[in-house]
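In my numbering, the protein residues as written are 57 to 407.
We treat Cβ as the ideally placed atom computed from N, Cα and C, and that holds for glycine.
All remarks here apply to the structure that follows.
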Amino acid sequence: MSIPSQINDPTTSPLPGIIGSGTAMGEVYQTTRQVAGSNASVLLLGETGTGKELIAHAIHDLSQRRERPFVRVNCGALSESLLESELFGHVRGAFTGAIDNRTGRFEEAHKGTIYLDEINSTTLHLQVKLLRVLQEHEFERVGDTKSVQVDTRVIAASNRDLLELAEEGSFREDLYYRLNVVPIYLPPLRERTEDIPQLVTHFLNLYNEQNDRYVAHIDPRAIEAMQNYHWPGNVRELQNCVERAVVMARGDELTFELLPSAVRTGRPPRALGTRAMDFQSLTDELVHRGLKDAGEADEDLLSRIVEPVERQVISEVMTSTDGVQIKAAARLGINRNTLHKKLKQHGLDGE
Ligand SMILES: Nc1ncnc2c1ncn2[C@@H]1O[C@H](COP(=O)(O)OP(=O)(O)O)[C@@H](O)[C@H]1O
Ligand SMILES: [Mg+2]
C-alpha cells in the first residue's frame, strides 16, 4: 500500500511565515527549498496577491546569500529610461538630469538577490540588457562604455503568461527560456480554498495584535462566504478583508455582516460587460442575473446595463485602494465629489 508522498515529507511543509498546507502550496514549498541553495534564476508566476514576493524572500533567506542584500525593483512602475538607470545605474551627463554618477540596483544586490517584479512590463531594449546580465553577469551603466561585473541572483515575477507575450512579440523568447529555468507557479486563492480558514486565523492574530482587539471567533457563515468568493486580489485581498473586519468588529466574533458586500454576495468572477458580448447574450445575462424579466421591453436598457457594471467597478476599485476615496477617484478618473455621489447612489457609502 502506498502512502501519499506529501505526508511525512518535510520538504513540502510550510515555510516560516507562509500559510497554507494544501497540496498546491506543498509543491511550491518543495521547489522553493530545492532551488534556494543554487544560483539558478527563478521565475515566479501567478496572479497579483498570491504570494510571489513572499516566496522570493523565502528563496533569498534560505540561500547562502541571506546576509547580503535582497533588492526589489518593480519593473512596472517606471518608464523605460528611468528603469534602465534604476537597474544599471548611470554616469554623470548620461542624460538631462544625470548630474552625478549613480550605481544601479544590480550592483547594490551584488552577492545578494535582485527581485524583478512585473518583468513582463520591460521593453525589448531592456530585455536585451537583462539577458546579458543573466548570461554573462555584466552590463554597462547608462552612458558608460566600461562593463561592470556582478554576481547577483535574479528572481523575476510575472502576472502575465510570458510565452504568450513572446508569441505576440513583446517578450524575448531567449530571455523567457533563460528566466524559466525554474518556474514556480503560485495558485490563485480560489483554487486553494482549503487554506482559507488558516489564513483567516493567521490574519486575525496579526490584526488583533496590531489593533489591540480580541476577535477570537469566526462565524461559520463568514468562512463559507469567504470560501465561495473568487478573490481577484487573492491573499492580499483576503488580508485586507480580515483587517477591515477586525477594525469594524463590535464584539469578539468575525461575523458574516463584517465582510465586504462583494464577499457576502459572492459575485461571479467577471464584471458584467467586461467580455465582448452581442446584444442577445447581454440581455440573456441580464435576465439570468434577475436584472430584467424575460420578454420585458428594453426600456432603460442602458442604465440597467451600466449601473451594475459601474457599481461593481467602483466597489472593486474601493477594495483595491483600501477604501481611500482620493486614490479610488484618481484610479477611476473621476473627481472626488462625483465618486462621493456615486458611492451614495449605489449604497456603497456605508462600507
Ligand atoms: N501564503 C501566504 N501566507 C501568508 N501571507 C500571505 C501568503 N500569500 C500572500 N500573503 C500576503 O499577501 C500579501 C501579498 O503577497 P505578495 O507576496 O506581495 O503577492 P504578489 O507578489 O504575488 O502580488 C502580502 O501581505 C503577503 O504577506
Ligand atoms: Mg507583488
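Rounded to whole angstroms, the gap between the alpha carbons of Gly322 and Pro316 is 10 angstroms.
Here Val291 has Gly105, Thr106, Gly107, Leu245 and Leu255 as same chain residues with Cβ atoms under 7 angstroms from its own Cβ, once five neighbours each way along the sequence are excluded. With contacts defined by Cβ atoms closer than 8 angstroms, Leu99 and Pro239 form a contacting pair. DSSP, read as helix, strand or coil, puts Ser371 in helix. Per DSSP, reduced to three states, the secondary structure at Ile155 is coil, with no helix or strand assignment.
Checking the DSSP bridge columns, you'll see Gln205 partnered with Glu194. A straight line joining the alpha-carbon of Ser376 with that of Gly289 spans about 8 angstroms. Judged by beta-carbon spacing, Arg234 lies beyond the 8 angstroms limit of Ser119, meaning their Cβ atoms are not closer than that value. Residue state for Ser119 is assigned as coil, using DSSP reduced to three classes. Arg248 is a Cβ neighbour of Gly78, given a cutoff of 8 angstroms.
In the DSSP assignment, Thr87 falls outside any beta strand (DSSP E) and lies within the alpha helix (DSSP H) extending over Thr79 to Ala92. If you keep only unbroken beta strand (DSSP E) runs of at least 3 residues inside the region 229-310, you get 238-241.
Counting along the chain, Leu219 sits inside the alpha helix (DSSP H) bounded by residues Leu218 to Glu224. When rounded, the separation of the alpha-carbon atoms in Ala112 and Ile175 is 14 angstroms. Here Val129 carries a strand assignment [DSSP, helix/strand/coil]. At the C-beta level, Asp405 and Asn296 stay beyond 8 angstroms of one another.
Take Ala305, set aside five residues on each side of it, and the residues of its chain with a beta-carbon closer than 8 angstroms to its own are Arg269, Val271, Thr311 and Leu314, in chain order. For Thr394, the enclosing alpha helix (DSSP H) begins and ends at Arg392 to Gln401. Look at His166 here: in three-state DSSP terms it is coil, with no helix or strand label.
Contact check for Leu231 against Leu186 passes: the beta carbons are separated by less than 8 angstroms.
Non-local C-beta neighbours of Arg387 in its own chain, meaning closer than 7 angstroms and more than five positions away in sequence, comprise Val373 and Thr377, ordered along the chain. Listed by position in the chain, the residues whose beta carbon lies within less than 7 angstroms of some heavy atom of ligand 2 are Thr104, Lys108, Glu109, Asp173 and Ala213.
Counted as a single uninterrupted DSSP element, the stretch harbouring Leu315 is not any beta strand (DSSP E), since DSSP gives it neither H nor E.
Taking C-alpha positions only, Ala212 is separated from Asn284 by approximately 31 angstroms. Look at the beta carbons and you see the region 193-213 touching the region 156-171: at least three pairs across the two are nearer than 8 angstroms. Residue nearest to Asn215 within the set Glu109, Asn391 and Ser69 is Glu109 (criterion: CA-CA distance).
Closest option to Gly76, judged by alpha-carbon separation, among Thr67, Asp251 and Ser226: Asp251. For Leu388, the enclosing alpha helix (DSSP H) covers residues Gln381 to Leu388.
Bounds of the alpha helix (DSSP H) holding Leu138 are Glu136 to Phe144. In this structure, ligand 1 has a non-hydrogen atom nearer than 7 angstroms to the beta-carbon of Thr106. Ile115 places its beta carbon 8 angstroms or farther from that of Ala80. Ranked by how close their Cα comes to the Cα of Leu294, the residues Gln266, His273, Leu260 and Asn264 have Leu260 in first place. For Gln295, the shortest C-beta to heavy atom distance toward ligand 1 is below 7 angstroms. With fewer than 16 neighbouring CB atoms inside 10 Å of its own CB, Val303 falls in the exposed class. Secondary structure at Val98: strand, using DSSP grouped into helix, strand and coil. Around the beta carbon of Glu265, fewer than 16 other beta carbons lie within 10 angstroms, which makes this residue exposed.
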